[in-house]
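Colleague:
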Amino acid sequence: MEAPRQGSLTIEQPRAADDGDETVCCGVFEKDDEDVEFGCVVGPVLLSVLIVVCGTASTITSKLQYEVRSAGFVQCKYHDDDGHADDDLTRRECLFTKPWFQTLVMKIAMSTCLGISMVAKYFNKRAKSASLNADPELGAGLLGGEKRAAGEPTIKSIIFIAIPALTDLLQTVLSQAGLIWVSSSAYQMTRGSVIIFTCALSVRYMGKKMESVHWVSVLIVCLAIVVVGVSGVFGASDSGGASAGEYILGLMLILLGQVVGAVQFVLEEWLMNECDVTPTLLVGWEGVWGMGYFLILAPVLSYTPTVNDDGELASASTIWHENFAETWDQLKNSTDLIILTILSMIALLVYNLVGNMVTKQLSAIMRSILESCRTLGVWITSIVIYYGWHDSKSGEEWTNWSYLEFVGFVLLVYGTVAYKEILPIPGISKPAPQVEQ
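The numbering used here applies: residue 30 is where the sequence shown begins, and numbers increase by one.
#1: Return yes when the Cβ of Lys154 is within less than 8 Å of the Cβ of Ser423, no when it is not.
#2: Using a Cβ-Cβ cut-off of 7 Å (strictly less than) and excluding sequence neighbours within five positions of Glu90, which residues of its own chain qualify?
#3: Going by CA-CA distance only, name the one from Val317, Ile137, Val134, Phe102 that's closest to Cys123.
#4: Between the Cα of Ala138 and the Cα atoms of Phe294, Ile412, Leu360, Met320, which residue gives the shortest distance?
#5: Is the beta carbon of Glu425 sitting closer than 8 Å to the one on Ser77?
#6: Taking only the alpha-carbon atoms, compute the straight-line gap between Glu355 and Thr196 and give it to the nearest angstrom.
#7: Which residue wins for smallest C-alpha separation from Leu199, given the options Thr445, Leu285, Gly279, Leu300?
#8: When the Cα atoms are used, what is the spatial distance from Pro334 to Thr404?
#9: Since Trp210 and Tyr276 are thought to touch, with beta carbons under 8 Å apart, how far apart are those beta carbons, to the nearest angstrom?
#10: Does the distance from the C-beta atom of Val256 to that of Val436 stay below 8 Å?
#11: Following the continuous alpha helix (DSSP H) through Ser214, name the residue where it begins and the one where it ends.
#12: In this structure, how does DSSP classify Val446 when only helix, strand and coil are distinguished?
#13: With a threshold of 8 Å, are at least 3 pairs of Cβ atoms found where one atom belongs to the stretch 346 to 355 and the other to the stretch 217 to 236?
#14: Taking 8 Å as the threshold (C-beta atoms), are Leu441 and Ala253 in contact?
#15: Could you pull out every residue in the same chain whose Cβ sits closer than 8 Å to the Cβ of Val289, ignoring the five residues on either side in sequence?
#16: Return the chain-ordered list of same chain residues with a C-beta closer than 8 Å to the C-beta of Ile348, the five sequence neighbours on each side being excluded.
#17: For the stretch 139 to 164, which segments carrying the beta strand (DSSP E) assignment without a break, of at least 3 residues, lie completely within its bounds, in sequence order?
#18: Nearest-angstrom Cα distance between Ser346 and Gly84?
#19: Do three or more CB pairs link the stretch 297 to 313 to the stretch 237 to 251 at distances below 8 Å?
#20: If you draw a straight line from the alpha carbon of Thr52 to that of Tyr415, how long is it in whole angstroms?
#21: State yes or no: is the C-beta of Phe294 within less than 8 Å of the C-beta of Thr219?
#22: Using a threshold of 8 Å, state whether the C-beta atoms of Ser87 and Ser363 are closer than that.
#23: Our contact map puts Lys449 next to Ser397 with C-beta atoms below 8 Å; I'd like the distance itself, whole angstroms only.
#24: Given Val383, which residues of its chain have a CB within under 6 Å of its CB, disregarding the five upstream and five downstream residues?
#25: Helix, strand or coil, according to DSSP, for Glu96 in the structure here?
#26: Please check the pair Gly274 and Val250, which I expect to be a contact at CB under 8 Å, by giving their CB distance rounded to whole angstroms.
#27: My assumption, with CB atoms under 8 Å, is that Thr126 sits in contact with Tyr95. Please give the rounded CB distance.
#28: Helix, strand or coil for Ile409, going by three-state DSSP, please let me know.
#29: Of all the options His350, Glu434, Leu278, which has the alpha carbon lying nearest to the alpha carbon of Ser473?
#30: If you draw a straight line from the C-alpha of Thr410 to the C-alpha of Gln359, how long is it?
#31: Using beta-carbon positions only, say whether Gly261 and Glu400 come within less than 8 Å of one another.
#32: Can you look up Glu298 in the DSSP assignment and give me helix, strand or coil?
#33: Would you list, in sequence order, the uninterrupted alpha helix (DSSP H) runs of no fewer than 4 residues that lie entirely inside the stretch 214 to 283?
#34: Check Leu382 in the structure and name its three-state DSSP category.
#35: Are Trp318 and Ala194 close, meaning C-beta to C-beta below 8 Å?
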C-alpha cells in the first residue's frame, strides 16, 4: 500500500479555528499533532512537490526492479535483445519478478512511519516539559490531565488494525503482481478505480448517502478505466511487450486489488473515526502487522508450486509463489537492485509521511489533485525512460493507442475532481452543503 488514503466518500474542508486550537503558518492544528507541526516547517509548496515526486518514484522504481536480471537459484530461458526465447539455452540471470518482496519493502517503509511518529512525540513532550519549567502555569495547562493523547491507539485498536493490515497486504501484492505485465501509467490509472468500490461498500455498509453528482462521477471513472484498459491491451500487442492475455491478467489483478483496497479504506475510516487513530499511527501499525504476516507467509510462499520456465503460467505463479532465499541471492548479485530497493523504500517513506500532512493542511481536495499530477508524472517519466534511455521494457512508447489512453486519463481526472465537487458536471447541481448541528 502507498499508505495515504484515497477514495473516501467524505470531503475534508478547511475548518475555522476553535478556542482550543493554535493557529500556525499553514493552517490550524490541535496540540500533540506532530504531523502538522512538522508539515508547517516544511511548507505546503514543498509538501506538494514531494508527494508528486515521491509518489512517481515509488511506482517507477517498482517497475524498474521487475525488468532487472540477476543471478539466483532458478534458471530461465535465454532471451535475446528482442525478447525472443531460445528453448535450447538457459541462464541464471532471471528477471526480478518479486511482487511479495516489493510488498515487504512497502511494509518496512510503513513501519518506519511509526518510529518517526514516536520520535516526534518524544521531542514534543520534551518541549512541553521545558515550557513547564519556564512557566509553571503554562506548562500545567499543557500537561494537565495526562490522559491518553488524542489519536493515541489503545491496545484494542492496535489489535483491530490487524484486519485492515491484512487487506492492505493482499491488495498491495495483487497490484504489484499486476504491474509486472501492465505499463506504469496504466497501473497508476487503473488504481483510481478504488473510488468505485469504496463508494459501493460505504453506501452498503456505512450508511453513506450518494448524490446524483457522485453517481455520475463514478460512472465517468468506470468509463475511464475501460478506455485505459482497451488502449493498454491493444497498445501492448502492437509494441511487442506483454501479450494481450498477460496484460488483461495484470489489469484484472490490479482491479481485484482495488476491491480489497476498498474494504481496507472502509475499515480504516471506521478506525480513525470510532477509535480515534491518527493516519500516521494507522499506517505505522499496519506496516508492523504486515511484517508480522510476512514471518508466517514467507515459508509457505517458498514451497508453493511453480513452473520453472518463462511461460505465462510461470508468470502467473508469482502471485502464489516466491522463494525468498532466491530473492536475497538475486539482490546480493545486483547492485542495481539494491540501489532501486533503497530508493523505493525512501520514496515510500516520504510519500506516506507527506501524504498525511497534505491532507491535513491543504485539504483532501488538494490531495486528489496532487494524486492526478502523480499519475501524469508516472506517464511522463515512463516516456522519458523509453526515448531517453532506449529502454522498451521499463519505459513506455508513445503509440497511436496512447491517444486513447490520454482520453482515459482525462476522464479519470475529471471523474475524480467532479466526485470531490471541485468541477461541476453539466446539468447536475451540486448537493446542498451539510450544516453541522
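Note that beta-carbon positions come from the ideal geometry of N, C-alpha and C, so glycine has one too.
Modeller: Answer, in terms of the structure:
#1: As a working mapping, residue 423 is identified with position 394 in the sequence shown. As a working mapping, residue 154 is identified with position 125 in the sequence shown. Going by C-beta atoms, Ser423 is not nearer than 8 Å to Lys154.
#2: In the sequence shown, residue 90 corresponds to position 61, counting from 1. According to the sequence provided, residue 90 is Thr. The question's Glu does not apply to it. Leu369, Leu372, Ser373, Ala376, listed in sequence order.
#3: Along the sequence shown, one-based indexing puts residue 123 at 94. Of the listed residues, the one whose Cα sits closest to Cys123 is Phe102.
#4: Position 109 of the sequence shown, counted from the first residue, corresponds to residue 138. Out of Phe294, Ile412, Leu360, Met320, the CA that lies nearest to the CA of Ala138 is found in Met320.
#5: Taking the first residue of the sequence shown as position 1, residue 425 is located at position 396. Taking the first residue of the sequence shown as position 1, residue 77 is located at position 48. Ser77 sits away from Glu425, with the two beta carbons spaced by 8 Å or more.
#6: In the sequence shown, residue 355 corresponds to position 326, counting from 1. In the sequence shown, residue 196 corresponds to position 167, counting from 1. Taken atom to atom, the span from the alpha-carbon of Glu355 to that of Thr196 is near 26 Å.
#7: Taking the first residue of the sequence shown as 1, we reach residue 199 at position 170. Out of Thr445, Leu285, Gly279, Leu300, the CA that lies nearest to the CA of Leu199 is found in Leu285.
#8: One-based indexing of the sequence shown puts residue 334 at position 305. One-based indexing of the sequence shown puts residue 404 at position 375. Straight through space, the alpha carbons of Thr404 and Pro334 are spaced by roughly 36 Å.
#9: Residue numbering aside, residue 210 sits at position 181 when the sequence shown is read from its first letter. Residue numbering aside, residue 276 sits at position 247 when the sequence shown is read from its first letter. Yes, they are in contact, since the Cβ atoms of Trp210 and Tyr276 sit about 6 Å apart, within 8 Å.
#10: Stepping through the sequence shown from its first residue, residue 256 is reached at position 227. Stepping through the sequence shown from its first residue, residue 436 is reached at position 407. Cβ atoms of Val256 and Val436: closer than 8 Å.
#11: Taking the sequence shown and counting its residues from 1, the one referred to as residue 214 is at position 185. Counting along the chain, the alpha helix (DSSP H) containing Ser214 begins and ends at 213 to 219.
#12: Position 417 of the sequence shown, counted from the start, is the residue given in the question as residue 446. Taken through DSSP and simplified to helix, strand or coil, Val446 comes out as helix.
#13: Using a Cβ-Cβ distance cut-off of 8 Å, the stretch 346 to 355 and the stretch 217 to 236 are not in contact, since fewer than three pairs of beta carbons, one from each stretch, lie closer than that value.
#14: Start at 1 with the first residue of the sequence shown, and residue 253 comes out as number 224. Start at 1 with the first residue of the sequence shown, and residue 441 comes out as number 412. Less than 8 Å separates the beta-carbon of Ala253 from that of Leu441.
#15: The count along the sequence shown starts at 1 and reaches residue 289 at position 260. Only Thr196, Leu199, Gln200, Leu203 meet the Cβ criterion.
#16: Within the sequence shown, residue 348 is the residue found at index 319, counting from 1. Answer for Ile348: Pro128, Val202, Leu203, Ala206, Leu282, listed in chain order.
#17: Those beta strand (DSSP E) runs which fall completely within the stretch 139 to 164 and span 3+ residues do not exist here.
#18: In the sequence shown, counting from the first residue as 1, residue 346 sits at position 317. In the sequence shown, counting from the first residue as 1, residue 84 sits at position 55. Those two C-alpha atoms are separated by around 28 Å.
#19: Counting C-beta pairs with one atom in each stretch, the stretch 297 to 313 and the stretch 237 to 251 have fewer than three that are closer than 8 Å, which means they do not touch.
#20: Translated into positions along the sequence shown, residue 52 becomes position 23. Translated into positions along the sequence shown, residue 415 becomes position 386. Bear in mind that a pLDDT of 33 at Thr52, under 50, signals an unreliable position, so the number given afterwards is only what the model happens to contain. Computed Cα separation, rounded: 47 Å.
#21: Looking up residue 294 in the sequence shown gives position 265. Looking up residue 219 in the sequence shown gives position 190. Not in contact: Phe294 and Thr219 (Cβ atoms no closer than 8 Å).
#22: Residue 87 sits at position 58 when you count from the first residue of the sequence shown. Residue 363 sits at position 334 when you count from the first residue of the sequence shown. Cβ atoms of Ser87 and Ser363: not closer than 8 Å.
#23: On the sequence shown, residue 449 is found 420 positions in, with the first residue counted as 1. On the sequence shown, residue 397 is found 368 positions in, with the first residue counted as 1. Contact flag correct, Cβ pair sits at about 5 Å.
#24: Working through the sequence shown from its first residue, we reach residue 383 at position 354. Leu76, Leu79, Ile80.
#25: As a first step, residue 96 is located in the sequence shown; it is residue number 67 there, counting from the start. For Glu96, the three-state secondary structure derived from DSSP is coil.
#26: To locate residue 274, count along the sequence shown from 1; it is residue 245. To locate residue 250, count along the sequence shown from 1; it is residue 221. Actually they are not in contact, since the Cβ atoms of Gly274 and Val250 sit about 25 Å apart, beyond 8 Å.
#27: As a position in the sequence shown, residue 126 is number 97, starting the count at 1. As a position in the sequence shown, residue 95 is number 66, starting the count at 1. With a beta-carbon spacing of about 6 Å, Thr126 and Tyr95 fall inside the 8 Å limit used to define contacts.
#28: As a first step, residue 409 must be located in the sequence shown, where it is residue number 380. Annotated three-state conformation of Ile409 is helix, per DSSP.
#29: A question about residue 473 goes unanswered here, because the residues of the chain that appear run from 30 up to 466.
#30: Residue numbering aside, residue 410 sits at position 381 when the sequence shown is read from its first letter. Residue numbering aside, residue 359 sits at position 330 when the sequence shown is read from its first letter. Separation of Thr410 and Gln359 (C-alpha to C-alpha, rounded to the nearest whole angstrom) is 26 Å.
#31: Counting from one through the sequence shown, the residue named residue 261 turns up at place 232. Counting from one through the sequence shown, the residue named residue 400 turns up at place 371. No, they are not a contact pair.
#32: On the sequence shown, position 269 is the one that residue 298 refers to. In the structure shown, Glu298 sits in a helix (DSSP, three-state: H, G or I).
#33: Entirely contained in the stretch 214 to 283, the alpha helix (DSSP H) runs reaching 4 residues are, in chain order, 223 to 234, 241 to 268.
#34: Against the sequence shown, residue 382 aligns to sequence position 353. Leu382 falls in the helix class under three-state DSSP.
#35: Translated into positions along the sequence shown, residue 318 becomes position 289. Translated into positions along the sequence shown, residue 194 becomes position 165. A Cβ-Cβ contact shorter than 8 Å links Trp318 with Ala194.
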